[in-house]
Amino acid sequence: KYDTRRTRSVRTAALHDGFSAAVRTLLLRGDLQRGSEWVQGNLPPLPGAAGTSVTNLSCVTRVTIPGNVSLRCTWLPGQGAPEDTEYFLFYRYETHTEECPAYNRDKWNRNTECRFSSTQIKPDEIDNLIVVHINGSSKRAAIKPFQQLFNQNSIEKVNIPRNINISLVQNDLLAMWEKPISPFHEECFEYEFYLINLKSGNKQILKIPSNSFRVRVDVSSRYSIRIRANHNHICRARGVWSDWSEIFSVGEN
């Protein structure tokens, strides 16, 4: 519920289960407020047989090169979907809508995964919504469409940190690296540092707020190190943790 002085309002919402909106006029005069009766409008649910919509829809984006964002979505067929069901995925970002160019299929030859190697998603935007719409067809049933909204930052799988350098300086382990490929600045990332003492078997995962780290170690031991990255809350919503980096080893054998 919200107030506006305009006579037009735009909101992004999933419509597969229908939508209802109510509006009334408020007259404000000094400390007095008078409201009209509510006027309501409804959109019916999208047609289709129950249980035929996709389930478990999950999507991930990734900045593949500066300025380009890929999109990958996976889903499960509805329990009531016939074996001949064909699913088709579309995404909408701002005013751009595009159908999936490449699918992977299950053992019944039904589309269950979509990949866009390039999209119109802008990697430097914050909290924009991606609308994913999946409809379908079958000779045996009417397939009910499904829609889901995703915050573009929350589903971004962050890239691995770059140019990682690990060294021993006297009794300290020193690590430095560069932020992942991203239009956002260094202060917008946080890291996890996975440190294993190969002599004792002791394992630690340390939260690191910057792109360098120094810790006192036993220089008679050998260490295995991996690093991964994510957004922090300072600049935007946290995304999906990157894959772990390759393994780096330092210290005595």
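What the sequence shown shows, in my numbering, is residues 4 to 256, in sequence order. Just so it is clear, CB atoms sit at the ideal spot from N, CA and C, and this is done for glycine as well.
When the options are compared against residue i, the one with the closest alpha-carbon
i	options	result
Glu278	Ala17, Ser56, Gln123	The shown model of the chain, from 4 to 256, leaves out residue 278, and the question about it has no answer.
Ile250	Val243, Pro186, Ile169	Ile169
Lys110	Glu255, Ser215, Ile163, Pro80	Pro80
Ala144	Gly51, Glu40, Leu92	Gly51
Val72	Phe93, Ser120, Asn59	Ser120
Per-residue burial, residue i [other beta carbons within 10 Å of its own, 16 or more giving buried]
i	result
Cys76	buried
Gln155	buried
Cys103	buried
Ile129	exposed
His236	exposed
Tyr5	exposed
Gly70	exposed
CB-CB length for residue i against residue j, believed under 8 Å
i	j	result
Arg27	Val13	Not confirmed; about 19 Å, so no contact.
Glu195	Ile184	With 8 Å as the limit, Glu195 and Ile184 do not qualify as a contact, their Cβ atoms being about 18 Å apart.
Ala240	Gln151	Not quite, the Cβ-Cβ distance comes to about 16 Å (not below 8 Å), so this is no contact.
Ala105	Arg95	Incorrect: roughly 18 Å between the Cβ atoms, too far for contact.
Pro48	Gly21	4 Å
Lys258	Thr55	Any answer about residue 258 is impossible in this case: the structure gives the chain only from 4 up to 256.
Within 7 Å, strictly: CB atoms of residue i and residue j
i	j	result
Phe149	Val57	yes
Arg37	Leu30	yes
Thr100	Gly139	no
Pro126	Ala232	no
Ile133	Phe153	yes
Arg219	Asn174	yes
heavy atom of the ligand MG below 6 Å from residue i C-beta
i	result
Ser245	Judged by which ligands are present, the structure shown has none, so any question about the ligand MG falls away.
Touch test, the segment 100-118 against the segment 143-159, Cβ-Cβ under 8 Å, three pairs minimum: The segment 100-118, when compared against the segment 143-159, does not touch it at the 8 Å Cβ threshold.
At least three beta-carbon pairs within less than 8 Å, the segment 197-205 to the segment 217-232: yes
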